[in-house]
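Inspection log for the structure reproduced underneath, given as structure tokens.
There are 2 protein chains.
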Amino acid sequence: MKFGLFGGATAARVGPDVDSAQGYNEFIEYNIEAEALGYHSTFMVEHHFTGFGQVSASLNFLTWLGAKTTTLRLGTAVLVLPWHNPVLIAEQTATLDLLTNGRLDFGVGKGYRYNEFDGFCIPMEEADARFEESIAVIKKAWTSMDRFSHEGKYWRYKDIVVEPGVMQRPHPPIWMGAGSESSIRRVAELGANLLLDQFTPIEAIGEKFAFFRNEVEKRGRVFDADTVAVARAFYVANNSAEKEAAHERRLKAQRRLTTISQTPTGDNKASILSFSDTRQASEESALYGLPDEICAKISRLEQLGVRYLLLTGGGIRENLRRFAKDVMPVFAGRAPATSTKNVSPAV
Amino acid sequence: MKFGLFGGATAARVGPDVDSAQGYNEFIEYNIEAEALGYHSTFMVEHHFTGFGQVSASLNFLTWLGAKTTTLRLGTAVLVLPWHNPVLIAEQTATLDLLTNGRLDFGVGKGYRYNEFDGFCIPMEEADARFEESIAVIKKAWTSMDRFSHEGKYWRYKDIVVEPGVMQRPHPPIWMGAGSESSIRRVAELGANLLLDQFTPIEAIGEKFAFFRNEVEKRGRVFDADTVAVARAFYVANNSAEKEAAHERRLKAQRRLTTISQTPTGDNKASILSFSDTRQASEESALYGLPDEICAKISRLEQLGVRYLLLTGGGIRENLRRFAKDVMPVFAGRAPATSTKNVSPAV
Numbered sequence: 003m004k005f006g007l008f009g010g011a012t013a014a015r016v017g018p019d020v021d022s023a024q025g026y027n028e029f030i031e032y033n034i035e036a037e038a039l040g041y042h043s044t045f046m047v048e049h050h051f052t053g054f055g056q057v058s059a060s061l062n063f064l065t066w067l068g069a070k071t072t073t074l075r076l077g078t079a080v081l082v083l084p085w086h087n088p089v090l091i092a093e094q095t096a097t098l099d100l101l102t103n104g105r106l107d108f109g110v111g112k113g114y115r116y117n118e119f120d121g122f123c124i125p126m127e128e129a130d131a132r133f134e135e136s137i138a139v140i141k142k143a144w145t146s147m148d149r150f151s152h153e154g155k156y157w158r159y160k161d162i163v164v165e166p167g168v169m170q171r172p173h174p175p176i177w178m179g180a181g182s183e184s185s186i187r188r189v190a191e192l193g194a195n196l197l198l199d200q201f202t203p204i205e206a207i208g209e210k211f212a213f214f215r216n217e218v219e220k221r222g223r224v225f226d227a228d229t230v231a232v233a234r235a236f237y238v239a240n241n242s243a244e245k246e247a248a249h250e251r252r253l254k255a256q257r258r259l260t261t262i263s264q265t266p267t268g269d270n271k272a273s274i275l276s277f278s279d280t281r282q283a284s285e286e287s288a289l290y291g292l293p294d295e296i297c298a299k300i301s302r303l304e305q306l307g308v309r310y311l312l313l314t315g316g317g318i319r320e321n322l323r324r325f326a327k328d329v330m331p332v333f334a335g336r337a338p339a340t341s342t343k344n345v346s347p348a349v
Numbered sequence: 003m004k005f006g007l008f009g010g011a012t013a014a015r016v017g018p019d020v021d022s023a024q025g026y027n028e029f030i031e032y033n034i035e036a037e038a039l040g041y042h043s044t045f046m047v048e049h050h051f052t053g054f055g056q057v058s059a060s061l062n063f064l065t066w067l068g069a070k071t072t073t074l075r076l077g078t079a080v081l082v083l084p085w086h087n088p089v090l091i092a093e094q095t096a097t098l099d100l101l102t103n104g105r106l107d108f109g110v111g112k113g114y115r116y117n118e119f120d121g122f123c124i125p126m127e128e129a130d131a132r133f134e135e136s137i138a139v140i141k142k143a144w145t146s147m148d149r150f151s152h153e154g155k156y157w158r159y160k161d162i163v164v165e166p167g168v169m170q171r172p173h174p175p176i177w178m179g180a181g182s183e184s185s186i187r188r189v190a191e192l193g194a195n196l197l198l199d200q201f202t203p204i205e206a207i208g209e210k211f212a213f214f215r216n217e218v219e220k221r222g223r224v225f226d227a228d229t230v231a232v233a234r235a236f237y238v239a240n241n242s243a244e245k246e247a248a249h250e251r252r253l254k255a256q257r258r259l260t261t262i263s264q265t266p267t268g269d270n271k272a273s274i275l276s277f278s279d280t281r282q283a284s285e286e287s288a289l290y291g292l293p294d295e296i297c298a299k300i301s302r303l304e305q306l307g308v309r310y311l312l313l314t315g316g317g318i319r320e321n322l323r324r325f326a327k328d329v330m331p332v333f334a335g336r337a338p339a340t341s342t343k344n345v346s347p348a349v
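Protein sequence lines, in the order shown, are assigned to chains Y and C.
Residue numbers for the first sequence, in this note's numbering: 3 to 349.
Residue numbers for the second sequence, in this note's numbering: 3 to 349.
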């Protein structure tokens with residue numbers, strides 16, 4: 003079982019007397035320690051115009067973090083393609099991949115927050131088409147050694163070669179969040195890796211995992227369990243009061259995000275919004291509790307085939323350390339427990 | 003006299019067996035050593051689709067370099083605004099400024115290379131209007147603590163607050179290249195700093211410097227000589243054969259750039275192209291030769307009021323060291339020689 007991190011720093015813009023670098027600096031130190039503790043990766047969000055300072059320039063932030071670390075993989079989760087010129091993204095990601103000696107995990111999405119579409123004056127209805135055009139351009143830009151042109155609905159380029167080249171060949175891993183069967187099928191079609199969200203209950207994670215494996219194998223490819231990462235909130239508590247407080251913090255944060263994301267007419271049906279702000283979702287999905295409770299939940303995920311968790315814990319340093327000390331060793335180097343269908347990449 | 007660097011790395015995309023990271027890594031080591039040797043800053047180009055691997059994602063590259071250094075100021079020279087979404091640039095530059103504790107020098111331009119406009123499918127005639135709209139949005143995004151909207155010709159935003167905030171208040175220094183009187187006047191109008199190019203002969207540099215100082219003072223501001231940086235090619239030679247070879251290398255490189263930049267009809271009138279590929283320009287402007295020759299040229303610039311040089315030397319490590327050893331000490335902490343009109347910022 004591999005353990006990575008998922009989240010982001012904040013740098014609120016609250017006034018001239020406040021050091022807005024503090025949140026960024028603390029998050030960097032948190033990740034440097036995570037690498038030393040044995041965490042495999044860090045996946046960062048990209049968000050805009052929140053008013054509470056979520057990371058906006060995630061590729062720049064990850065470049066800095068890459069320079070301060072040596073093995074930690076650096077992921078976006080997710081970079082929202084509709085906001086960006088895809089050729090500039092291809093250049094920026096290739097630069098990051100090259101400078102970090104191939105540590106980029108390129109997580110991409112279509113966006114789900116109304117306030118961001120509204121802020122950029124991009125209609126939410128264009129999200130799918132913009133995403134599809136962008137990812138095609140980016141893959142072409144990364145992989146084409148020859149000059150090419152592109153005439154799309156949103157972007158046009160003439161006789162270009164995109165430099166620098168990427169370090170990871172043929173290109174860095176692409177990760178996509180998906181929840182519905184049709185979305186998961188599309189991830190398999192694109193040959194991308196799958197991100198499963200932090201709110202889906204464990205049994206449902208097992209179903210989605212199996213569905214994706216089947217979609218990959220149906221296409222004649224060997225399935226690798228490392229190509230699925232499951233996000234989970236984590237908090238190693240000393241007692242039930244601490245656990246309870248962690249649930250309350252989480253629900254409060256989720257309600258704030260739901261408010262930002264909703265459309266004026268309340269018709270935003272993004273799967274991430276449908277289940278994320280209930281106490282039930284928090285209880286069932288979160289790795290909150292004493293180490294034994296947490297290990298029991300991870301063992302259930304392991305039995306369902308899961309081999310890669312992305313942990314989100316709000317940057318609490320003590321939590322990071324306790325998980326590394328009390329939970330990670332239980333799963334270190336452990337052979338797959340009951341999974342029979344997991345096929346190693348070498349077969 | 004302050005000495006900074008101007009240039010960029012290359013990472014050619016020549017094939018699967020070539021380590022394209024090598025050029026990037028060498029340039030990073032070059033700049034780390036430059037900081038240790040006392041150089042003040044490094045200004046990096048941004049270019050696209052050259053086929054010989056000039057840096058494209060300069061803000062990402064500078065972020066990495068910022069993480070590897072502690073005092074070196076990090077400049078773009080220039081970031082070409084017409085290629086970019088200005089709000090994304092405001093976010094990326096603020097992130098860099100915050101992470102580096104305020105070391106960003108934001109050099110901007112309109113672009114002059116035909117192959118880039120053509121590659122991005124942006125008409126060259128739109129360069130001025132795109133530049134003006136972008137710089138206004140970026141300044142607003144950096145400085146506005148309140149949400150704002152923007153309805154421009156090229157960009158629209160609704161009710162946004164741009165995060166994170168910048169470290170340098172009210173915003174990082176803006177640098178603009180200019181050559182003609184009208185362009186220099188516009189730099190003074192915008193309250194920006196002035197970049198003078200590497201090809202203009204020394205006496206003409208003095209005229210442009212004096213013109214800018216006058217334009218600044220006419221507007222009731224105190225002129226600070228540190229707000230003008232003069233680019234110069236540099237090469238500390240052991241003998242005349244080495245000097246001659248350096249001139250030849252420089253002319254060859256310039257001709258390659260002129261070819262890329264020219265329009266199909268040959269009507270690109272950018273000032274940087276008009277004089278840059280002649281031997282005469284190279285002789286008159288470049289700081290090539292024995293240390294005494296170079297010091298004599300710098301003294302002439304100093305007498306004309308210049309206090310800040312940006313040196314471009316193709317990344318030759320030995321050249322960087324010899325200049326620091328044989329030339330920089332001559333000008334270290336030296337009081338202004340004959341300039342009478344130079345006004346210190348404290349006056």
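Glycine included, every Cβ here is placed at the ideal spot set by N, Cα and C.
Which listed residue (the options) has its alpha carbon closest to that of residue i
i	options	result
Y/R105	Y/L67, Y/K141, Y/E118	Y/L67
Y/C123	C/S146, C/C123, C/H152	C/H152
Y/A33	Y/A59, Y/K254, Y/T314	One point to set straight first is that residue 33 of chain Y is Asn, not Ala, in the sequence displayed. Out of Y/A59, Y/K254, Y/T314, Y/T314 has the C-alpha closest to the C-alpha of Y/N33.
Y/R360	Y/S182, Y/D107, Y/E183	This structure leaves residue 360 of chain Y out entirely; chain Y is present only between 3 and 349.
C/A206	C/N321, C/L61, C/W177, C/S287	C/S287
Y/G77	Y/G6, Y/A131, Y/R132, Y/E118	Y/G6
Y/V89	C/E118, C/G111, C/V110	C/E118
Y/G167	Y/S146, Y/E183, Y/R187	Y/S146
Y/R252	Y/W157, Y/Q282, Y/W144	Y/Q282
C/L292	C/N321, C/G317, C/G25, C/Q305	C/N321
C/M169	C/T97, C/Q200, C/E135	C/T97
CB contact below 8 Å: residue i versus chain Y
i	result
C/K141	no
C/I262	no
C/S346	Confidence in C/S346 is poor, its pLDDT being 42 and thus under 50, which makes the residue's placement unreliable; the coordinate value appears in the next sentence. C/S346 does not count as touching chain Y.
C/F325	no
C/T265	no
C/M126	no
C/V230	no
C/S341	Confidence at C/S341 is low in this model, with a pLDDT of 44, below 50, so its placement is unreliable and the value that follows should be read with caution. Not an interface residue.
C/V332	no
8 Å Cβ cutoff met for residue i and residue j
i	j	result
C/E35	C/R319	yes
Y/P84	Y/A129	yes
C/I140	Y/F51	no
Y/A248	Y/Y237	yes
C/E37	C/T71	yes
C/G121	C/V57	no
Y/A190	Y/E217	yes
Y/W157	Y/E127	no
Y/I300	Y/L289	yes
Neighbour flag for residue i against chain C, beta carbons, 8 Å
i	result
Y/P166	yes
Y/V47	no
Y/A13	yes
Y/K160	yes
Y/V349	Here Y/V349 scores only 33 on pLDDT, less than 50, and its place in the model should not be relied on; the value that follows carries that caveat. Not one chain C Cβ lies under 8 Å of Y/V349.
Y/V82	no
Y/N270	no
Y/G9	no
Y/N87	yes
Residues that residue i contacts on chain B, provided the C-beta gap is smaller than 7 Å
i	result
Y/Q94	Looking for chain B here will not work: the only protein chains present are Y and C.
Within the chosen definition, does the stretch 188-208 of chain C reach the stretch 220-231 of chain C through at least 3 CB pairs nearer than 8 Å? yes
By the 7 Å beta-carbon criterion, what residues does the stretch 22-45 of chain C contribute toward chain Y? Near chain Y, meaning a CB-to-CB distance below 7 Å, the residues of the stretch 22-45 of chain C are S22, A23, Y26.
Closer than 8 Å between beta carbons: that is the criterion. Which residues of the stretch 62-78 of chain Y meet it against chain C? N62, F63, T65, W66, G68, A69, K70
Say whether the stretch 326-333 of chain Y touches the stretch 246-263 of chain Y, bearing in mind that this needs 3 or more beta-carbon pairs closer than 8 Å, one atom from each stretch. no
Listed from N- to C-terminal order along the chain, which residues in the stretch 98-115 of chain Y have their beta-carbon within a distance smaller than 8 Å of any beta-carbon of chain C? L98, L100, L101, N103
Selection of the stretch 130-157 of chain Y by Cβ proximity to chain C, strictly under 7 Å: M147
Return the residues of the stretch 177-197 of chain Y that lie within a Cβ-Cβ distance of less than 9 Å from chain C, sorted by chain order. none
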